[in-house]
Amino acid sequence: MSIPYRTRRVLSRVGIASAALFVAVLFGWLCWVIWLQRYVVYTDDGAQLNFEMSSHDIVGEVATPPEAAKNISIYYNEGDDAIDIGNDMKQLNGYYIDSEMLQKDLTGVQFRIGQLSAGTPILIDMKGPYGSFFYPSNLPAAIHSASTNVQAVAELVQTLQKKGFYTIARISAFRDWNFGNNNVSSGLYMLNRAGLWLDPDGYFWLDPANANTTSWISSVVLELRDMGFNEVLLADFRFPVSDKYLYSGDKVAALQSAASTLVSSCASTDFVLSFSVDDPTFTLPQGRCRLYLSGVTANGIGQAASQVTVEDPSVQLAFIAETGDTRYDDYSVVRSLYISDVVEAQKKAAGQ
698 MSIPYRTRRV LSRVGIASAA LFVAVLFGWL CWVIWLQRYV VYTDDGAQLN
748 FEMSSHDIVG EVATPPEAAK NISIYYNEGD DAIDIGNDMK QLNGYYIDSE
798 MLQKDLTGVQ FRIGQLSAGT PILIDMKGPY GSFFYPSNLP AAIHSASTNV
848 QAVAELVQTL QKKGFYTIAR ISAFRDWNFG NNNVSSGLYM LNRAGLWLDP
898 DGYFWLDPAN ANTTSWISSV VLELRDMGFN EVLLADFRFP VSDKYLYSGD
948 KVAALQSAAS TLVSSCASTD FVLSFSVDDP TFTLPQGRCR LYLSGVTANG
998 IGQAASQVTV EDPSVQLAFI AETGDTRYDD YSVVRSLYIS DVVEAQKKAA
1048 GQ
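Take 698 as the starting number for the sequence shown in the numbering used here and just add one per residue.
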């Protein structure tokens, strides 16, 4: 059945008029509700309308800001996870075992260790600049050194710890070929952005300001801490000296920020996280940490010591030395294990 044209026009006009009337009624109702809000009074019995109240009346108390407290209590974290920033570390006078010793003369290393007294600080290379681990790491991204008996190194570490030696693990921090190769966005790029920059020795360098970089370093440090090491030394904690890579940020600020992040995530009341740098003025973050300098001759000790900003240089400033010169003994020092017999004889003669 078809509807005549005139009828359809009438129905259309009626529909439009009805819709307009509905909108007008709805608008009027909303205005009415909004207007009524000024007369709503909330009591214990519920909401009521009071048309006798003026819209300009203020009912209730006027809120005023509270008076500022004059004494503010500050609470310090003293739990198990608190960082001990007290200076209770001891001065070091020990020896280092580098990766070449581990690879070529492990038997000689074991013999010389046997001649030392318990408590002697021993620094051992645990990860090199290629990114290879010299111990059996359980980290998913770890690659083990093919030229090192990693299991024998692990047994050496266990022996040192059982006999009460103070053990220090040294790892390459920002120079890491393997991690850079597998995490390109974490490295330093060539100027043309064609890829990561390689130093003259063929190693990639990581960006200290990259969160993935600090997360990776933290994971290595925490694994070594769980293995029982008393201290971890982050070697190559610097930017490479070159103008061939791309970096537009503040290098000093990036290193300082990275150091603070690593100390806050890894340090504890009985563990030391230290940094091997090329700038004596590098500022250590608060916490249990040390500043290591290498390549400083005995004649340059005084000048280097005068530039550091650590609270207790005799404890927190450490030299990696190649000789038994006793001028290093005013500060923390680790020397090559190969001169341990000479140095121990000097100590004995001096009644130490």
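Here a beta-carbon is modelled for each residue, glycine too, at the ideal position from N, C-alpha and C.
CA-to-CA distance, residue j to residue i, given in whole angstroms
i	j	result
Tyr832	Leu895	26 Å
Tyr886	Leu921	30 Å
Ala839	Gln848	15 Å
Asn907	Ser945	13 Å
Arg705	Ser715	15 Å
Gly892	Ser882	10 Å
Thr804	Gln855	16 Å
Ser916	Gln1013	24 Å
Cys986	Thr994	23 Å
Ser991	Asp822	15 Å
Pro818	Phe979	24 Å
Val850	Ala843	13 Å
Asn889	Ala950	25 Å
Ser962	Leu981	15 Å
Ala710	Ala717	According to the sequence provided, residue 710 is Arg. The question's Ala does not apply to it. Cα to Cα, the separation comes out at about 11 Å.
Val918	Ala1018	24 Å
Leu836	Tyr863	24 Å
Ser869	Val974	11 Å
Gly1052	Phe719	Residue 1052 lies beyond the stretch modelled for the chain, which goes from 698 to 1049, so this question has no answer here.
Gln1043	Ala964	34 Å
Val1039	Pro826	30 Å
Residue i in three-state terms, based on DSSP
i	result
Ser844	coil
Arg935	coil
Tyr832	coil
Ser961	helix
Lys787	coil
Leu813	coil
Phe901	strand
Met798	helix
Lys824	strand
Tyr773	The predicted position of Tyr773 is uncertain, since its pLDDT is 35 and thus under 50; a value taken from the coordinates is nonetheless stated next. DSSP places Tyr773 in coil when its eight states are reduced to three.
Gly1048	coil
Asp778	Any answer about Asp778 is weak, because its pLDDT of 40 lies below 50 and its placement is not dependable; what the coordinates show is given next. Coil.
Assigned exposure category for residue i - 16 Cβ within 10 Å defines buried
i	result
Leu959	buried
Asn784	The pLDDT assigned to Asn784 is 43, lower than 50, so where the model puts this residue is not dependable; a value taken from the coordinates is nonetheless given after this. Burial call: exposed.
Trp902	buried
Leu1008	First, the amino acid is wrong: residue 1008 is Glu here, not Leu. By the 10 Å Cβ count, Glu1008 comes out exposed.
Ala815	exposed
Asp967	exposed
Leu1034	buried
Gly1021	buried
Glu928	buried
Gly884	buried
Trp874	buried
Gly899	exposed
Phe1016	buried
Lys801	exposed
Ser834	buried
Ser1011	exposed
Ser1003	exposed
Glu708	Residue identity differs from the one stated: residue 708 is Leu in this sequence, not Glu. Exposed, since its Cβ has fewer than 16 Cβ neighbours within 10 Å.
Leu943	exposed
Leu857	buried
Val722	exposed
Residue of the options minimising C-alpha distance to residue i
i	options	result
Asn790	Asp1026, Gly992 and Leu1034	Asp1026
Ile998	Ser1029, Thr845, Asp802 and Phe979	Ser1029
Gly984	Thr994, Val969 and Leu708	Val969
Ser1037	Phe719, Gln807, Arg872 and Met786	Gln807
Phe934	Leu853, Glu928, Lys948 and Leu943	Lys948
Leu931	Ala955, Gln858 and Ala721	Ala955
Gly877	Leu888, Tyr863, Thr864 and Ile914	Ile914
Ile794	Ser912, Ile810, Thr1006 and Met786	Ile810
Leu820	Leu943, Phe926 and Ser957	Phe926
Ala866	Met924, Lys801, Ser965 and Leu943	Met924
Leu952	Pro905, Pro977 and Ser971	Pro905
Glu1041	Gln800, Asp976 and Leu813	Leu813
Ser957	Ser912, Val720, Gly828 and Ser1003	Ser912
Met798	Leu853, Tyr827 and Pro837	Leu853
Thr1006	Thr1023, Ala1018, Asn996 and Leu988	Leu988
Asn879	Val1031, Val918 and Asn909	Asn909
Ser939	Gly725, Arg1024 and Pro897	Pro897
Gly828	Gln858, Ser796 and Leu857	Ser796
Leu845	Leu857, Met786, Gln858 and Lys824	Just to set this straight, residue 845 is Thr in the shown sequence, not Leu. Per the Cα distances, Lys824.
Phe871	Gly861, Lys860, Pro937 and Lys859	Pro937
CB contact below 7 Å: residue i versus chain D
i	result
Phe830	Of the protein chains in the structure, only one exists, and it is not chain D.
Those runs of the alpha helix (DSSP H) which lie wholly inside the stretch 834-892 and span at least 4 residues: Complete alpha helix (DSSP H) runs here, min 4: 847-859 and 874-879.
Runs of alpha helix (DSSP H) wholly within the stretch 963-1038 (minimum 4 residues, chain order): 998-1004 and 1010-1013
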